[in-house]
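First comes the structure, then the notes that go with it.
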Amino acid sequence: MKRLGLTLVAAVCLTATTFAAGNQPTTAKWDGNINVSKLGKYLKLTADQNEEVANICEYFSTQMEKVASSKKNQDELLRNAIYGNLKLMKKTLNEKQYSDYAKVLNITLQNKGIEVK
Numbered sequence: 000m001k002r003l004g005l006t007l008v009a010a011v012c013l014t015a016t017t018f019a020a021g022n023q024p025t026t027a028k029w030d031g032n033i034n035v036s037k038l039g040k041y042l043k044l045t046a047d048q049n050e051e052v053a054n055i056c057e058y059f060s061t062q063m064e065k066v067a068s069s070k071k072n073q074d075e076l077l078r079n080a081i082y083g084n085l086k087l088m089k090k091t092l093n094e095k096q097y098s099d100y101a102k103v104l105n106i107t108l109q110n111k112g113i114e115v116k
C-alpha cells in the first residue's frame, strides 16, 4: 500500500511539472519573422503600403531577436517591440487593415505562447 501511494505521488508530481513547464511564456519560440507577401495579400495592401509594411516587419523581427537574446527586462522589451510594431502599422494601414492586422498578430502571439504583460 505504501508503494502504491508513493507511486501515485510521483506520477502526480511528474505530470504537474510537465504541464507547468509547457505553460511558460517565451519569446524563443518565435523570432518575429512575418511572411510579408502573405500578409500583403490578406490585408490587400497597395504598393506603397507593401513597401512600408515590409520595412516595419523587418524592424519588428530585429526587435524580437533582441528580446529573445536579452536576459534582463525581457517583458519590457517584448511589450515595447509589440506596441511599437502596432503603432507603426497604425500609421501605415487604413482602419480595416489595421483591425485585421491586430487580430492576426494577437492570434499569432497566443499560438506561439507569448504573453504580453
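Counting in numbering that gives the first Met the number 0, the sequence shown runs from 0 upward without gaps. The beta-carbon is built from N, C-alpha and C at its ideal position, and this holds for glycine as well.
Problem - Presumed contact (8 Å Cβ cut-off) between M117 and I55, rounded CB distance - result: As shown, the chain starts at 0 and ends at 116. That puts residue 117 outside it, with no answer to give.
Exercise for the section: Mind listing, in chain order, the continuous alpha helix (DSSP H) runs of no fewer than 4 residues lying wholly within the stretch 43 to 72? Expected result: 46 to 68
Handout entry: Opening and closing residue of the alpha helix (DSSP H) in which N110 lies
Key = Taking the first residue of the sequence shown as 1, we reach residue 110 at position 111. Where N110 is concerned, the enclosing alpha helix (DSSP H) stretches over 94 to 110.
Problem - Close-in-space but distant-in-sequence residues of the same chain around Q96 (CB under 6 Å, 5 per side omitted) - result: Numbered from its first residue, the sequence shown carries residue 96 at position 97. If the five residues before and after Q96 are omitted, its C-beta is found closer than 6 Å to the C-beta atoms of L42, all from its own chain and listed in chain order.
Practice task
Below 7 Å CB to CB, which residues in the same chain sit around N49 once its five sequence neighbours on both sides are set aside?
Solution key: In the sequence shown, the residue the question calls residue 49 occupies position 50. So the list reads G39, once near-sequence residues are dropped.
Handout entry: Inter-residue Cα distance where the pair is L76 and T45
Key = In the sequence shown, residue 76 corresponds to position 77, counting from 1. In the sequence shown, residue 45 corresponds to position 46, counting from 1. The straight-line gap from Cα to Cα measures roughly 31 Å.
Problem - Own chain, CB closer than 8 Å to A118, minus 5 neighbours either side, in chain order - result: Nothing in the structure corresponds to residue 118, since the chain is present only between 0 and 116.
Handout entry: Cβ neighbour criterion (16 or more within 10 Å) applied to Y82
Key = By 1-based counting over the sequence shown, the position of residue 82 is 83. With fewer than 16 Cβ atoms within 10 Å of its Cβ, Y82 is classed as exposed.
Exercise for the section: Using the Cα positions of K70 and Q109, report the straight-line distance between them to the nearest angstrom. Expected result: If you number the sequence shown from 1, residue 70 lands on position 71. If you number the sequence shown from 1, residue 109 lands on position 110. Using only the alpha carbons, I get a separation of about 22 Å.
Exercise for the section: Using three-state DSSP, classify I81 as helix, strand or coil. Expected result: If you number the sequence shown from 1, residue 81 lands on position 82. Helix, per DSSP.
Problem - CB contact flag (T91, V52, <8 Å) - result: On the sequence shown, position 92 is the one that residue 91 refers to. On the sequence shown, position 53 is the one that residue 52 refers to. The answer is yes: Cβ separation under 8 Å.
Handout entry: K116 - DSSP class collapsed to helix/strand/coil
Key = As a first step, residue 116 is located in the sequence shown; it is residue number 117 there, counting from the start. Assigned with DSSP and collapsed to three states, K116 falls in coil, not helix or strand.
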